[in-house]
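*Asks:* Handing you a structure now.
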Amino acid sequence: MSHGHPSVSIIGLPESGKTTLLAAIWHMVREPGSVTALKFDGLNQGNYEHLNGLAKRWRAAKKQQRTQTSGLKVVRMNLKNDVGKSIEISFPDMPGEDFSRMWEKRELDESMGDMLSAEAIVLLINGDTIKFPTWIVEQNAIAKGAGLPPENAEVVEWSAELAPTQVQVVELLQFLMSSELSVGPRRLAVLISAWDEVKGDGMDPEEVLKVKLPLLDQYLRSRRDPWTWHVWGVSAQGGAYEDQDNGEQLEETEALRQLDRPSDRIQVVDGKKVSTDITQPLNWLIG
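Count along the sequence shown from 1, add 6, and you get the number used in my numbering.
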């Protein structure tokens, strides 16, 4: 429950960066001297030791350990703005695969249903791993142009993870507006994560949405469902992090560690404006 505060739930498909985002937010809203639109105002559910551990790995530029594949853990914290208005942020600490299964089967338990009935949603999409539709006709045309024989299509049993990213995301958003979860009009912050990788394409976040996720762009603009939405590009880590548990060492990661403040790694892109304030999209959701 939101204890009277507007509530926000943060969701995303596999490898979208939810844990890294949580670590960066936890660090930023509690770091002395940090400049953020929202400040920490209490932990309603969750473990300080766990959150501090995530933030410690984030500051050390270590890859976060993968979310366990069973059991739902929840982090709920209150954040407030400079006029004292507070919101409750919920991070369902569950594998992204569970979100994939949810849109496929349209089934969820009571606790998950409570969180996904929040007045506002943050949707994380990894901009560097977008799965595009594959058209056999196009593949054969490319092969023909290269003077190659068309490949014999191999029959593969369908599963949710094979669906294009934009199909999964649109189905998920439609499910959130279904009778089971509908709470009326809602606000939606679309965060295209791994922006440090995506920005090389020379597009702003809205252009990335139009070009790489056209089905999602059309769905949101059509207002078929009553979402009030905005899109940002976000890099919660600023570059590649090492998998130190497996002995990985990267020059790029070491360069990130040399920055004066860990928060300087963060990139939050709104149109052409760039900031290090990871709470900007959350502040927008307050309305």
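Virtual Cβ for every residue (Gly too), placed ideally from N, Cα, C.
1. Find the nearest neighbour of residue 173 within the set 39, 221 and 227, judged by alpha-carbon distance.
2. Tell me whether residue 171 sits in a helix, a strand or coil according to DSSP, three-state version.
3. Run through DSSP, which three-state label would residue 219 get?
4. Taking DSSP as the reference, what is the three-state secondary structure of residue 277?
5. Roughly how many angstroms lie between the CA atoms of residue 139 and residue 177, to the nearest whole one?
6. How many angstroms separate the CA atom of residue 273 from the CA atom of residue 14?
7. Given that a residue counts as buried once 16 or more other Cβ atoms are within 10 Å of its Cβ, and exposed if not, what is residue 197?
8. Here's the rule I'm using: 16 or more other beta-carbon atoms within 10 Å means buried, otherwise exposed. How should residue 94 be labelled?
9. Go to residue 34, then tell me how far its alpha helix (DSSP H) extends in each direction, as first and last residue.
10. If residue 242 and residue 284 are in contact, beta carbons under 8 Å, what's the gap, nearest whole angstrom?
11. Comparing alpha-carbon positions, which option in 259, 16, 219 and 86 lies nearest residue 135?
12. Using DSSP with H/G/I as helix, E/B as strand and the rest coil, what is residue 42?
13. What is the DSSP secondary structure of residue 189, reduced to helix, strand or coil?
14. Going by CA-CA distance only, name the one from 133, 11, 52 and 124 that's closest to residue 92.
15. Measure how close the beta-carbons of residue 25 and residue 60 come, nearest whole angstrom, since I'm counting them as under 8 Å.
*Replies:* With the given structure in hand:
1. As a working mapping, residue 173 is identified with position 167 in the sequence shown. Nearest C-alpha to residue 173 among 39, 221 and 227: 221.
2. Position 165 of the sequence shown, counting from 1, holds the residue named residue 171. Three-state DSSP puts residue 171 in a helix.
3. Reading the sequence shown from its first residue, position 213 is the one you call residue 219. Correct three-state label for residue 219: coil.
4. Counted from its first residue, the sequence shown places residue 277 at position 271. The answer is coil: DSSP assigns residue 277 none of H, G, I, E or B.
5. As a first step, residue 139 must be located in the sequence shown, where it is residue number 133. As a first step, residue 177 must be located in the sequence shown, where it is residue number 171. Going by the C-alpha atoms only, they are around 15 Å apart.
6. One-based indexing of the sequence shown puts residue 273 at position 267. One-based indexing of the sequence shown puts residue 14 at position 8. Taking the straight line joining both Cα atoms gives about 21 Å.
7. The sequence position of residue 197 within the sequence shown is 191, counting from 1. So residue 197 counts as buried.
8. Looking up residue 94 in the sequence shown gives position 88. Buried.
9. Taking the first residue of the sequence shown as position 1, residue 34 is located at position 28. It spans 24-36 - the alpha helix (DSSP H) in which residue 34 sits, taken as one unbroken run.
10. Walking along the sequence shown from the start, residue 242 turns up at place 236. Walking along the sequence shown from the start, residue 284 turns up at place 278. Their Cβ separation, rounded to whole angstroms, is 6 Å, which keeps residue 242 and residue 284 in contact under 8 Å.
11. Locating residue 135 in the sequence shown gives position 129, counting from the first residue. Considering only alpha carbons, the answer is 219.
12. Within the sequence shown, residue 42 is the residue found at index 36, counting from 1. Residue 42 falls in the coil class under three-state DSSP.
13. Locating residue 189 in the sequence shown gives position 183, where the first residue counts as 1. In this structure, residue 189 counts as coil in the three-state DSSP scheme.
14. Here residue 92 refers to the residue found at position 86 of the sequence shown. Residue 11 is the option with its Cα nearest to residue 92.
15. Within the sequence shown, the letter at position 19 stands for residue 25. Within the sequence shown, the letter at position 54 stands for residue 60. Going by Cβ atoms, the distance from residue 25 to residue 60 rounds to 7 Å, so yes, they are a contact pair.
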